[in-house]
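Residue numbers (UniProt numbering): 1 to 750.
Quick reminder that beta carbons are idealized off the backbone N, C-alpha and C, glycines included.
Data block below; observations after.
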């Protein structure tokens, strides 16, 4: 962004900005940030034609009411800004790698679960049901656990549940440590889902229905109703069910709703509220198993009728306001009260016993959160400062227990299984653990425009927390009785970020940034006393409260180029993340025994990105990451030198859409991942369990029948590739990617 733009925006939210229109030549990106900068600086030319654009005021932008308000107009695959107002500059001027999947890209992909969308992104992989938990969404970003780093509209979204996309505007992925914004965690990054919100601009209703292979059916409703000049409500609804492709009787059944409202008595003040409801009733497929060092391609789903189930739910209420106080000052507040639950029994085949093995558990999460931000955007002398002073409060409570089945196993043929072989009883246990984690945080951030070419971005945050975990007496592995225990402590930690952006060119910049994050002992709420998976860890002397928070530091050098009338964004970055004072599990990662602050590991690599309009008719979102990981220090010296588990050194995703005629468009997606090794998160990859790399292709096409009706067809996994996305450390569970499947969707607007 030019200096004129940066300075003109200070102190006002409605001033027209003067931007130069680019007639620059199309350029090819190289892999290194400085190389791209030099190449583009030599080839871009700018005309003097000026275009007057509105600033971030959505009401004046001319965007259709049902369109994504954060996307670049006429470039639906390109997000212009992030939804979190603490990111005060456009994505192109933010010194951090940001991947944003817009609503249009989500719809074209045909993917409807957050897990599937994220798993296709470069640098992101999935985890399995380790730690006695996680038959829910579990992500690994740049090699680091991120299952607790999921946010919705800027507030933490706790709980391992199944997350759908029917009510989302876009998905924002911040890469690298982000604790100044996110609080604890976020070593590899954080994910923020942005929901659809009521607006007072226009009435609209969109009904969508889809049918497909594998008994697929999906129905959604999106309707916005303006009740007066000041009040509007919006409702999004979902019902969907389908068999897991080629894995029946494994199946999914989901329903959900998002009801949002807005009250805006003044242009400068509005109140927003929403209630989110979600339920799932699935028979989850745990995939296959390792056979002679490879996933068994021929094994079928062995889940048992009357035994297997997974039920998740969410009830979340959010209330907030935004108040433009004038003279560049804005006050925002949002509060959330919510609960989630996840209960399951999932049956897999055990090659050791020749029979089934069931994993069962339940978890209930209650959450209260509040965030307040005061933004001051002013010219102080000749320098523009955008200062944010804010605070957060969060209280998370997690109760967890297990399920037992009698009989616990039945003999099945994994290649021709009898899914009705089990007959017996299943019992839900009483509460076995109860965690309460209370956090109070304060932060200050400033983005400073020094002159025409230089901008500095920095911030600092302090988090203070109280941790309390109560566990009941229970039977552990090998029949060992584990006595009841209580673990309580409190502590605090500082984090910060600093970035410098140099913009000597009208449409491009280079930047360098530094950021930190912290993880606390026991900070993965779902893990309880499973030390090796983020639960509470106790050393040989009985210490746990004396553990320092794990510390992560990231350096990033990158460049961003906003081309073709701001409709195309090219990015490239080199980075290195180092995690120190790692808390490590002991011989049994499912118990509390471990070592405190004895480990250290590192991930470094290069990430490239493209989003937006490549030509007038061709849109795309493309990303690629090449990374390397290394265990630098460990309590067990045998772990040193190992790479991280479930970590792909190379990954890429490319989604392209071509508008052939005004009514007809078609496109496809390519997803690539290199091989991955299994292992425990804190110990690294074992090397004995390996998943081969894969490339999967999807196709889609859409046809606009008339102004009200359009059709979309999706074909997933075109070549019916057998591929695998994650492996349990012992090889008994290997997640299998979906087989070929197809859907046809009709959407009607009125």
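Reference residue i, options the options, closest by Cα
| i | options | result |
| --- | --- | --- |
| residue 412 | 202, 246, 347 | 347 |
| residue 564 | 613, 532, 539 | 613 |
| residue 363 | 453, 536, 152, 311 | 311 |
| residue 517 | 337, 581, 529 | 581 |
| residue 591 | 534, 168, 548, 606 | 534 |
| residue 183 | 154, 165, 208 | 154 |
| residue 74 | 619, 367, 547 | 619 |
| residue 418 | 337, 426, 409 | 409 |
| residue 608 | 321, 575, 308 | 575 |
| residue 823 | 658, 647, 149 | Here the chain comprises residues numbered 1 to 750, so residue 823 is not present and cannot be evaluated. |
| residue 660 | 703, 677, 683 | 703 |
| residue 342 | 313, 291, 448 | 313 |
| residue 585 | 335, 550, 416, 681 | 681 |
| residue 423 | 339, 304, 721, 257 | 304 |
| residue 732 | 291, 433, 717, 637 | 291 |
| residue 624 | 126, 593, 573 | 573 |
| residue 452 | 486, 502, 421, 459 | 502 |
| residue 429 | 220, 276, 69, 472 | 472 |
| residue 567 | 403, 113, 505, 610 | 610 |
| residue 331 | 323, 338, 337 | 323 |
| residue 560 | 577, 504, 123, 598 | 504 |
Pair within 8 Å by beta-carbon distance, residue i and residue j
| i | j | result |
| --- | --- | --- |
| residue 179 | residue 495 | yes |
| residue 86 | residue 388 | yes |
| residue 754 | residue 159 | Limits of the chain in this structure are 1 at one end and 750 at the other, which puts residue 754 out of reach. |
| residue 437 | residue 536 | no |
| residue 300 | residue 414 | yes |
| residue 95 | residue 553 | no |
| residue 98 | residue 106 | no |
| residue 102 | residue 79 | yes |
| residue 546 | residue 596 | yes |
| residue 286 | residue 741 | no |
| residue 93 | residue 509 | yes |
| residue 234 | residue 255 | no |
| residue 187 | residue 144 | yes |
| residue 377 | residue 320 | no |
| residue 512 | residue 499 | yes |
| residue 467 | residue 490 | yes |
| residue 113 | residue 147 | no |
| residue 149 | residue 127 | no |
| residue 373 | residue 390 | yes |
Environment of residue i [buried if 16+ CB atoms lie within 10 Å]
| i | result |
| --- | --- |
| residue 750 | exposed |
| residue 306 | exposed |
| residue 664 | exposed |
| residue 325 | exposed |
| residue 283 | buried |
| residue 407 | exposed |
| residue 483 | exposed |
| residue 627 | buried |
| residue 431 | exposed |
| residue 571 | buried |
| residue 380 | exposed |
| residue 641 | exposed |
| residue 532 | buried |
| residue 224 | buried |
| residue 118 | buried |
| residue 156 | buried |
Residues bridged to residue i (per DSSP)
| i | result |
| --- | --- |
| residue 750 | Residue 750 pairs with nothing; no bridge assigned. |
| residue 167 | DSSP, once it has assigned bridges, lists no residue as partnering residue 167. |
| residue 555 | 514, 576 |
| residue 292 | Residue 292 pairs with nothing; no bridge assigned. |
| residue 225 | 233 |
Residue i beta carbon near the ligand COA (any heavy atom closer than 7 Å)
| i | result |
| --- | --- |
| residue 507 | In the structure on display, the ligand COA does not appear, and there are no ligands present to speak of. |
Contact with chain B by residue i, beta-carbon distance below 8 Å
| i | result |
| --- | --- |
| residue 219 | Absence of chain B from the displayed structure is noted, only one protein chain being present. |
Taking 8 Å as the threshold, find out whether the segment 209 to 217 comes into contact with the segment 240 to 248 through three or more Cβ pairs.
-> yes
Kindly confirm or deny that the segment 737 to 748 and the segment 692 to 711 touch, where touching means at least three C-beta pairs closer than 8 Å.
-> yes
Kindly confirm or deny that the segment 187 to 200 and the segment 724 to 733 touch, where touching means at least three C-beta pairs closer than 8 Å.
-> no
Given 8 Å as the limit, is there contact between the segment 398 to 411 and the segment 439 to 458, that is, 3 or more CB pairs closer than that?
-> no
Counting Cβ pairs, one atom from each stretch, are 3 or more of them under 8 Å apart for the segment 247 to 254 and the segment 679 to 695?
-> no
Indicate whether the contact test is met: 3 or more Cβ pairs, each with one atom in the segment 692 to 701 and one in the segment 109 to 128, closer than 8 Å.
-> yes
Stretch pair the segment 200 to 214 + the segment 168 to 175: three plus CB contacts closer than 8 Å | no
Count the CB pairs spanning the segment 379 to 388 and the segment 266 to 277 that are closer than 8 Å, and state whether there are at least three.
-> no
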